[in-house]
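Q:
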Amino acid sequence: MNEKALTGKAAIVTGGSRGIGRAIVRRLTAEGADVVFGYRADAVAAKAVAAETGAHAVRADLGEPDEVERLFAEADARLGRLDILVNNAGIIADAPIGEVTAELYDRVLAVNARGPFLALQQAARRMADGGRIVNISTMTTAWPSGGESVYAASKAALEQFGRVASRELGARGITVNTVSPGPTDTDLLRGGTTEEARQGVVYLTPLGRLGRPEDVADVVAFLAGPDARWLTGQNLRADGGLV
Ligand SMILES: NC(=O)c1ccc[n+]([C@@H]2O[C@H](COP(=O)([O-])OP(=O)(O)OC[C@H]3O[C@@H](n4cnc5c(N)ncnc54)[C@H](OP(=O)(O)O)[C@@H]3O)[C@@H](O)[C@H]2O)c1
Numbered sequence: 005m006n007e008k009a010l011t012g013k014a015a016i017v018t019g020g021s022r023g024i025g026r027a028i029v030r031r032l033t034a035e036g037a038d039v040v041f042g043y044r045a046d047a048v049a050a051k052a053v054a055a056e057t058g059a060h061a062v063r064a065d066l067g068e069p070d071e072v073e074r075l076f077a078e079a080d081a082r083l084g085r086l087d088i089l090v091n092n093a094g095i096i097a098d099a100p101i102g103e104v105t106a107e108l109y110d111r112v113l114a115v116n117a118r119g120p121f122l123a124l125q126q127a128a129r130r131m132a133d134g135g136r137i138v139n140i141s142t143m144t145t146a147w148p149s150g151g152e153s154v155y156a157a158s159k160a161a162l163e164q165f166g167r168v169a170s171r172e173l174g175a176r177g178i179t180v181n182t183v184s185p186g187p188t189d190t191d192l193l194r195g196g197t198t199e200e201a202r203q204g205v206v207y208l209t210p211l212g213r214l215g216r217p218e219d220v221a222d223v224v225a226f227l228a229g230p231d232a233r234w235l236t237g238q239n240l241r242a243d244g245g246l247v
């Protein structure tokens, strides 16, 4: 990608305070974009990313519809336009089907599917022609493990929202694509796996290591930039060849 490919572009990244989202905020701001990012709870981490990148942090729980709307309103007040949306924030759920509670099911679907859907809806209304939407899914939709029923279903919904949105928004030159990471070294991964399990993933991965947040952020930056103008409705697997 050319230097400063995103100068003059206004972007919203959800879950930008840690992990993959933080790497995306770093990369988009380095490319010249003006970025507003959301987070749920960790204000210390969010402040650090804002100070480092010049991006603006907004505390908003994606599981609460009013807060999704407020995130977009605050971003609009600050940026005055919207060119790029990265639906990155998500939570994991690891429970066998027999033990999934209604509360767990509702929360995971609310954060991973309804929240990004409402963000997509805001983008459909507000985004400038020629915009870019990137949804972060997971390899789990293609290769689920036991315990991942609700998580896999929530991300499968997100993938379908993206495919339909690509058809609805194409006439305005807006592209909508999905990036599906494999296991990527973040708090989310370390919180849900053992060292042994992570080593097993490394063994199975053709490129021979865990993903790094930057591996995913670089693919997102490509899809958000001018060189990806002819790609829409696609799902790029940023997983070192695992799936
Ligand atoms: N890491 C992996 O191996 C992997 C693999 C495939 C796909 N993914 C996907 O990649 C995305 C990022 O994952 P990650 O590993 O970077 O996760 P992470 O390290 O846990 O970071 C999650 C980010 O999302 C924010 N967030 C969480 N719940 C939120 C909510 N209800 N409302 C608003 N923001 C919320 C967090 O903010 P707070 O800190 O303030 O809560 C944080 O900024 C997720 O969608 C995940 O499903 C990850």
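Residues 5 to 247, numbered by the working numbering, are exactly what the sequence shown covers, in order.
Just so it is clear, CB atoms sit at the ideal spot from N, CA and C, and this is done for glycine as well.
Predicted model only: the values in this text are computed from it and were never measured.
Could you check what DSSP says for N239 in three-state terms: helix, strand or coil?
A: Within the sequence shown, the letter at position 235 stands for residue 239. In this structure, N239 counts as strand in the three-state DSSP scheme.
Q: Which residue from A34, V115, V104 and A106 puts its Cα closest to that of Y43?
A: By one-based count along the sequence shown, residue 43 stands at place 39. Considering only alpha carbons, the answer is V115.
Q: How far does the alpha helix (DSSP H) with L162 in it extend, from its first residue to its last?
A: Counted from its first residue, the sequence shown places residue 162 at position 158. Where L162 is concerned, the enclosing alpha helix (DSSP H) stretches over S153 to L173.
Q: Relative to the C-alpha of R213, which residue among G245, L162 and R194 is closest?
A: For the purposes of this step, residue 213 is identified with residue 209 of the sequence shown, where counting begins at 1. That would be G245, whose Cα lies nearest to the Cα of R213.
Q: Taking Q125 as the reference, which of K13, L75, D38 and A221 has the closest Cα?
A: Counted from its first residue, the sequence shown places residue 125 at position 121. When only C-alpha atoms are compared, the closest one is L75.
Q: Answer yes if the stretch 136 to 144 comes into contact with the stretch 156 to 171, meaning at least three C-beta pairs across the two stretches below 8 Å, and no otherwise.
A: Yes, since at least three Cβ pairs between the stretch 156 to 171 and the stretch 136 to 144 fall closer than 8 Å, the two stretches touch.
Q: Taking Y24 as the reference, give the member of P230, N92 and F165 with the closest Cα.
A: Here residue 24 corresponds to residue number 20 of the sequence shown, with the count starting at 1. At residue 24 the sequence reads Ile, which differs from the Tyr that was named. Of P230, N92 and F165, the residue nearest in Cα terms is N92.
Q: Measuring only the C-alpha atoms, how far is D70 from P120?
A: Within the sequence shown, the letter at position 66 stands for residue 70. Within the sequence shown, the letter at position 116 stands for residue 120. Rounded to whole angstroms, D70 to P120 spans 13 Å at the Cα level.
Q: Is it buried or exposed, L227, if we count other Cβ atoms within 10 angstroms and call 16 or more buried?
A: The sequence position of residue 227 within the sequence shown is 223, counting from 1. That one is buried.
Q: Consider the C-beta atom of P148 and the heavy atoms of ligand 1; say whether any pair is separated by less than 7 Å.
A: Here residue 148 corresponds to residue number 144 of the sequence shown, with the count starting at 1. No, the beta carbon of P148 sits no closer than 7 Å to any heavy atom of ligand 1.
Q: Would you give the residue range spanned by the beta strand (DSSP E) that I16 belongs to?
A: In the sequence shown, counting from the first residue as 1, residue 16 sits at position 12. That run of the beta strand (DSSP E) goes A14 to V17.
Q: Taking its Cβ as the centre, do 16 or more other Cβ atoms sit within 10 Å of K51, making it buried, or is it exposed?
A: Taking the sequence shown and counting its residues from 1, one reaches residue 51 at position 47. It counts as exposed.
Q: Which partner residues does P185 have in the DSSP bridge list?
A: Here residue 185 refers to the residue found at position 181 when the sequence shown is read from its first residue. The partner list for P185 (beta bridge, DSSP) reads A242.
Q: If you check the beta carbons only, do A4 and V40 fall under 8 Å apart?
A: Here the chain has residues from 5 to 247 only, and residue 4 is not among them.
Q: Less than 8 Å between the beta carbons of V3 and G150, yes or no?
A: Lying outside 5 to 247, the shown extent of the chain, residue 3 is not represented and no answer is given.
Q: Measure the C-alpha to C-alpha separation of N181 and G135 and round it to an integer number of angstroms.
A: Translated into the one-based positions of the sequence shown, residue 181 becomes position 177. Translated into the one-based positions of the sequence shown, residue 135 becomes position 131. Approximately 12 Å between the Cα atoms of the pair.
Q: Assuming contact is defined by CB atoms lying nearer than 8 Å, are V72 and A123 in contact in what I supplied?
A: Within the sequence shown, the letter at position 68 stands for residue 72. Within the sequence shown, the letter at position 119 stands for residue 123. For V72 and A123, yes; Cβs fall inside 8 Å.
Q: Can you tell me whether G215 is helix, strand or coil according to DSSP?
A: By 1-based counting over the sequence shown, the position of residue 215 is 211. Three-state result, G215: strand.
Q: Is the beta carbon of T188 less than 8 Å from the beta carbon of V223?
A: Taking the first residue of the sequence shown as 1, we reach residue 188 at position 184. Taking the first residue of the sequence shown as 1, we reach residue 223 at position 219. No, they are not a contact pair.
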